[in-house]
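Reading the sequence shown from the start, the letters are residues 41 to 321 in my numbering.
Glycine included, each C-beta is placed from N, C-alpha and C at the ideal position.
Notes follow once the structure below has been shown.
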Amino acid sequence: LGDPNYGCKYDIGPTEDGYIFTMPVPDGVIEFEDLMIFAITWGYTNTRGYYAESKVESGVLSYTTGLSASGNVEEYSLELTGVEGLVGAELVYQYDPRKLHLVAVEKGDLLNGLSNSFLVYENGEGKLRINVAVFGEPLSGSGSLVVLKFAKLTAAEAQPLLHEIDLRDYRNRHMLNNADQHTLSGEALSNSFVLFGAVPNPMVSSSKIFYQVPAEVPVRITLYNASGRKVRSLVNKRVKAGNHSVSFDRRDDTGRLLPSGTYFIRMESDGYSAVKKLLVR
Numbered sequence: 041l042g043d044p045n046y047g048c049k050y051d052i053g054p055t056e057d058g059y060i061f062t063m064p065v066p067d068g069v070i071e072f073e074d075l076m077i078f079a080i081t082w083g084y085t086n087t088r089g090y091y092a093e094s095k096v097e098s099g100v101l102s103y104t105t106g107l108s109a110s111g112n113v114e115e116y117s118l119e120l121t122g123v124e125g126l127v128g129a130e131l132v133y134q135y136d137p138r139k140l141h142l143v144a145v146e147k148g149d150l151l152n153g154l155s156n157s158f159l160v161y162e163n164g165e166g167k168l169r170i171n172v173a174v175f176g177e178p179l180s181g182s183g184s185l186v187v188l189k190f191a192k193l194t195a196a197e198a199q200p201l202l203h204e205i206d207l208r209d210y211r212n213r214h215m216l217n218n219a220d221q222h223t224l225s226g227e228a229l230s231n232s233f234v235l236f237g238a239v240p241n242p243m244v245s246s247s248k249i250f251y252q253v254p255a256e257v258p259v260r261i262t263l264y265n266a267s268g269r270k271v272r273s274l275v276n277k278r279v280k281a282g283n284h285s286v287s288f289d290r291r292d293d294t295g296r297l298l299p300s301g302t303y304f305i306r307m308e309s310d311g312y313s314a315v316k317k318l319l320v321r
């Protein structure tokens, strides 16, 4: 989530290949990537590597939003169906702070009762970022992952929108973007802008960047290096509503091969803005 009291010994993610047996690539912040490397390492060592070698993935992964109300407090749950081998998740919600006040962020029934689950969140200016991790045996099953409680400040219609979701498995792979193993179904984020990120990540020679828009809109996706300099324009056009992807061949706008390092993918569209990290080996 970003740590003002940064300590380099905790900056263990990302790594050279995204997994736990290669060297860390420090990026100067303590956040979700570090949490994932720590959680996966914890699980691997405490099960002597058993789950990482024996887990079999199957089924269809989907997610929807559940809603219930009590008085002026509304509860929103993120419901997962058919999840297999989940170790961590990062969720980003956006809401109007003039209409909604965050009361609580709680573990859902998938996490409740587990002594080895972890949840932390950061909230401010209408943006809520949640990190979840499981230490030990990865999470499998169906149910709610997190529950958000909001108090309504006005009679006007308002609800938090899930703008980003990143589910990671026991090998630190992006579960929703792994088309060979999972299919995204259900309501998902059909009414939202989402920058899902790049797969594979870390990348060597090529990668695909996945994103979603709720309507036909102009979209700009740009790649920046660690110093903030623009190195590649990936998308700059109108796209139709739905899920999209764009290929990246590790080259800048002049056709030169980019060196190894940490890069940042920025998506901008109709007031929406999001950034995802990309590691080039």
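Check                                                                                                                                                : Outcome
Are the beta-carbon atoms of V275 and Y303 separated by less than 8 Å?                                                                               : no
If you drop the 5 nearest sequence neighbours on each side, which residues of the same chain put their C-beta closer than 6 Å to that of E114?       : F190
Could you check if G153 is buried or exposed, using at least 16 other CB atoms within 10 Å of its CB as the buried criterion?                        : exposed
Which residue comes first and which comes last in the beta strand (DSSP E) that contains G301?                                                       : 301-309
Are the CB atoms of I60 and D74 within a distance shorter than 8 Å?                                                                                  : no
Is the stretch 260-276 close to the stretch 79-89, with three or more CB pairs under 8 Å?                                                            : no
Just how far apart, CA to CA, sit K147 and S273?                                                                                                     : 39 Å
Going by DSSP in three states, D292 sits in which element: helix, strand or coil?                                                                    : coil
Who are the near neighbours of V160 in its chain, counting only those whose CB is closer than 6 Å to its CB and skipping five residues on each side? : N171
What first and last residue would you give for the alpha helix (DSSP H) that runs through G83?                                                       : 72-86
Buried or exposed for P299, please, with buried defined as at least 16 other CB atoms from any protein chain shown within 10 angstroms of its CB.    : exposed
Which same chain residues end up closer than 8 Å to L309 when comparing Cβ atoms and leaving out the 5 residues on each side of it in sequence?      : Looking at the sequence shown, residue 309 is not Leu but Ser. Contacts found: F233, V253, V257, P258, V259, R260.
Which partner residues does T262 have in the DSSP bridge list?                                                                                       : S273, R306
What is the DSSP secondary structure of K49, reduced to helix, strand or coil?                                                                       : helix
Helix or strand or just coil, what does DSSP make of T62?                                                                                            : coil
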